[in-house]
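Q: Under the working numbering, the letters of the sequence shown match residues 143 to 492, in that order.
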Amino acid sequence: MNKQCRVGIVGVSGYSGIETARLVAAHPTLALAAAVSDKWAGAAVGAHLPVAGAAAGVKIVAQAEAGASFAGVELVFLCTPAEVSIALAPVALAAGCRVVDLSGGFRLALTLYPRWYGFEHPSPELLARAVYSMPEAVASGALRDAKLVSNPGCYATASTLGALALLRGGVVERGGLIIDAASGTTGAGKKDTEDFSFSEVDGDFRAYRVLSHQHTPEIERALGLAGHAAGPVTFTPHLLPTRRGILATIYGRLRPGKTAADAADAVAAFVAGKPFLRAARPDAVRLHPVIGTNRVLLGADADPERGVAVCVAAIDNLVKGAAGQAVQNANLMLGLAETTGLDALHGSAP
Numbered sequence: 143m144n145k146q147c148r149v150g151i152v153g154v155s156g157y158s159g160i161e162t163a164r165l166v167a168a169h170p171t172l173a174l175a176a177a178v179s180d181k182w183a184g185a186a187v188g189a190h191l192p193v194a195g196a197a198a199g200v201k202i203v204a205q206a207e208a209g210a211s212f213a214g215v216e217l218v219f220l221c222t223p224a225e226v227s228i229a230l231a232p233v234a235l236a237a238g239c240r241v242v243d244l245s246g247g248f249r250l251a252l253t254l255y256p257r258w259y260g261f262e263h264p265s266p267e268l269l270a271r272a273v274y275s276m277p278e279a280v281a282s283g284a285l286r287d288a289k290l291v292s293n294p295g296c297y298a299t300a301s302t303l304g305a306l307a308l309l310r311g312g313v314v315e316r317g318g319l320i321i322d323a324a325s326g327t328t329g330a331g332k333k334d335t336e337d338f339s340f341s342e343v344d345g346d347f348r349a350y351r352v353l354s355h356q357h358t359p360e361i362e363r364a365l366g367l368a369g370h371a372a373g374p375v376t377f378t379p380h381l382l383p384t385r386r387g388i389l390a391t392i393y394g395r396l397r398p399g400k401t402a403a404d405a406a407d408a409v410a411a412f413v414a415g416k417p418f419l420r421a422a423r424p425d426a427v428r429l430h431p432v433i434g435t436n437r438v439l440l441g442a443d444a445d446p447e448r449g450v451a452v453c454v455a456a457i458d459n460l461v462k463g464a465a466g467q468a469v470q471n472a473n474l475m476l477g478l479a480e481t482t483g484l485d486a487l488h489g490s491a492p
């Protein structure tokens with residue numbers, strides 16, 4: 143595919159929208175043609191974001207004008223809350239656009255939305271057509287032909303890939319997976335609340351949404367789609383006093399006869415041939431090497447005496463956990479190499 147693909151970004155002023163705009167502006171095939179945000183409406187993209195070229199001059203329009211802005215656009219990234227994505231996806235599709243949705247609007251089975259998102263899903267037919275795609279794990283349909291792609295959540299990405307490495311390697315039993323994961327504050331979006339103020343977050347560390355986080359059923363679904371249904375997963379998210387990054391620790395029951403070497407070999411086999419995945423010692427899996435990149439760092443160990451195996455996974459929640467994976471999915475939808483526009487990303491450690 144040599145011609146440029148004109149894209150739009152809805153929610154360009156949010157953290158995932160900002161990251162998506164940065165990636166699109168530097169992409170050799172994607173060309174930013176429309177940007178939507180009530181907060182920044184009337185300004186040019188370059189007035190708020192450090193992007194160069196034609197993308198900087200794109201005028202941002204209000205959400206009420208989103209439908210009109212889709213004219214002439216081939217692909218739309220929805221960087222919006224679930225309810226907004228559910229409302230706008232049909233508008234973009236009717237305009238002839240393909241859609242990559244970064245929200246949870248199309249990630250789960252219909253019956254799960256009341257419990258995990260607090261509403262009845264209003265578009266069951268569209269939900270059934272959506273293709274959920276985590277490229278290193280599975281897609282729930284034909285991605286190349288998909289009109290609507292549901293991009294995975296950040297916690298779900300790190301947790302699923304770590305668990306899948308152990309499950310595919312036959313290292314752990316399918317049942318009883320426990321996952322502890324911690325994210326930087328950008329994972330919560332731009333929330334103007336006391337809980338996310340600097341004074342409350344700095345120097346602190348806490349769990350939140352215990353036994354009620356919406357990525358729990360998503361992890362279960364993703365593992366099932368990948369052919370390794372693990373039954374109920376116990377998932378606990380934590381808030382890190384840093385801006386970005388996720389560190390997930392996955393615990394599983396060690397299968398009889400399996401060893402620490404088997405756990406390490408399982409990770410090595412899992413990352414092979416996957417350009418964004420890297421293997422490391424578990425105590426070398428940390429945030430600095432992945433921040434600003436689309437990489438996933440994985441490391442595993444096992445203790446036969448205690449009958450447990452552990453895999454640690456690290457990602458940047460805004461890149462591999464959101465915008466980077468969305469661009470990766472868009473590349474695959476368009477028939478491009480999945481690394482296009484992403485392979486040159488580098489971190490900024492320390």
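For glycine and all other residues, C-beta sits at the position ideal for the given N, C-alpha and C.
In three-state terms, what does DSSP make of His380?
A: Here His380 sits in strand by DSSP.
Q: Between the segment 221-236 and the segment 443-460, can you find at least three pairs of beta-carbon atoms closer than 8 angstroms?
A: Segments in contact, no.
Q: Exposed or buried, which one is Glu362 when buried takes at least 16 other CB atoms within 10 Å?
A: It is buried - the Cβ of Glu362 has at least 16 other Cβ atoms within 10 Å.
Q: With a threshold of 16 other CB atoms inside 10 Å of the CB of Pro398, please say whether the residue is buried or exposed.
A: That one is exposed.
Q: If contacts are defined as beta-carbon pairs under 8 angstroms, then Ala305 and Ala411 qualify, I think. What distance do you get, rounded to the angstrom?
A: Going by Cβ atoms, the distance from Ala305 to Ala411 rounds to 15 angstroms, so no, they are not a contact pair.
Q: With DSSP as the reference, label Asp337 as helix, strand or coil.
A: Note: Asp337 maps to helix in three-state DSSP.
Q: Looking at C-beta atoms only, is the number of pairs between the segment 400-410 and the segment 468-483 that lie closer than 8 angstroms three or more?
A: No: fewer than three Cβ pairs fall under 8 angstroms.
Q: Going by C-alpha to C-alpha distance, which of Leu478, Leu308 and Arg348 sits closest to Val413?
A: With distances taken between Cα atoms, Val413 lies closest to Leu308.
Q: Nearest-angstrom Cα distance between Ala256 and Ala224?
A: It should be pointed out that residue 256 corresponds to Pro in this sequence rather than to Ala. Rounded to whole angstroms, Pro256 to Ala224 spans 13 angstroms at the Cα level.
Q: What residue ranges within the segment 421-490 form continuous beta strand (DSSP E) runs of no fewer than 3 residues, ordered along the chain?
A: Counting whole runs of 3 or more residues, the segment 421-490 contains the beta strand (DSSP E) stretches 438-445 and 450-457.
Q: Indicate whether the contact test is met: 3 or more Cβ pairs, each with one atom in the segment 338-347 and one in the segment 271-287, closer than 8 angstroms.
A: Contact between the segment 338-347 and the segment 271-287 is absent, because fewer than three Cβ pairs lie under 8 angstroms.
Q: Keeping to the same chain, check which residues put their C-beta closer than 6 angstroms to that of Leu172; ignore five residues upstream and five downstream.
A: Closer than 6 angstroms at Cβ, skipping near neighbours: Cys147, Val149 and Val166.
Q: Taking C-beta to C-beta, are Arg385 and Thr302 nearer than 8 angstroms?
A: No, these two residues do not count as a Cβ contact at 8 angstroms.
Q: Alpha carbons only, please: which of Ala163, Pro277 and Ala196 is nearest the one belonging to Leu367?
A: When only C-alpha atoms are compared, the closest one is Pro277.
Q: With H, G and I counted as helix, E and B as strand and the rest as coil, what does DSSP make of Thr222?
A: Coil, per DSSP.
Q: May I ask you to report which of helix, strand or coil DSSP gives Cys296?
A: Cys296: helix per DSSP, three-state reduction.
Q: Using a Cβ-Cβ cutoff of less than 7 angstroms, which residues in the same chain neighbour Ala402 once the five nearest sequence positions on both sides are dropped?
A: Answer for Ala402: Asp443 and Ala444, listed in chain order.
Q: Going by DSSP, what residue range makes up the beta strand (DSSP E) through Tyr350?
A: Segment: none, Tyr350 is in no beta strand (DSSP E) and carries neither H nor E.
Q: Would you report the Cα separation of Tyr350 and Pro446, rounded to the nearest angstrom?
A: One C-alpha to the other measures close to 32 angstroms.
Q: So, Gly295 versus Gly246, is the Cβ gap smaller than 8 angstroms?
A: Cβ distance < 8 angstroms, so Gly295 and Gly246 count as in contact.
Q: How should Thr376 be labelled, buried or exposed, when 16 other C-beta atoms within 10 angstroms of its C-beta is the threshold for buried?
A: By the 10 Å Cβ count, Thr376 comes out exposed.
Q: Assuming His263 contacts Ala323 under a Cβ cut-off of 8 angstroms, what Cβ separation, rounded to an integer in Å, is found between them?
A: Not a contact, Cβ separation roughly 26 angstroms.
Q: Rounding to the nearest angstrom, what Cα-Cα distance links Arg348 and Leu382 in this structure?
A: Whole-angstrom Cα-Cα distance: 8 angstroms.
Q: If you compare alpha carbons, which of Val314, Ala298 and Glu267 is closest to Arg395?
A: If we check each option's Cα against that of Arg395, Val314 comes out closest.
Q: When you compare only the Cα positions, how much space is there between Leu429 and Gly489?
A: Roughly 10 angstroms separates the two Cα atoms.
Q: Can the beta-carbon of Phe212 be found closer than 8 angstroms to that of Ala176?
A: Yes, the pair counts as a contact, with Cβ atoms nearer than the cut-off.
Q: I'd like to know whether the C-beta atoms of Cys239 and Ile151 end up nearer to each other than 8 angstroms.
A: Contact: no.
Q: What are the residues that DSSP puts in a beta bridge with Cys147?
A: DSSP lists Leu172 as partners of Cys147.
Q: Here's a check: name, in chain order, each residue in its chain whose Cβ is nearer than 8 angstroms to the Cβ of Val97, leaving out the five neighbours to either side.
A: Outside the displayed range of the chain (143 to 492) lies residue 97, so it cannot be described from this structure.
Q: Let me make sure I understand the geometry here. Which of Asp180, Ala185 and Val241 has the alpha-carbon closest to that of Gly199?
A: Ranking the options by Cα distance to Gly199, first place goes to Ala185.
Q: Within a Cβ cutoff of 7 angstroms, which residues of the same chain sit near Ala183, ignoring the five residues on either side of it in sequence?
A: Around Ala183: Ile202, Val203 and Ala204.
Q: Hey, quick one: how far does the beta strand (DSSP E) through Asp180 stretch, first residue to last?
A: Element bounds for Asp180: n/a, residue is neither H nor E.
Q: Residues bridged to Tyr393 by DSSP?
A: Looking at the DSSP assignment, Tyr393 forms a beta bridge with Ile320 and Val452.
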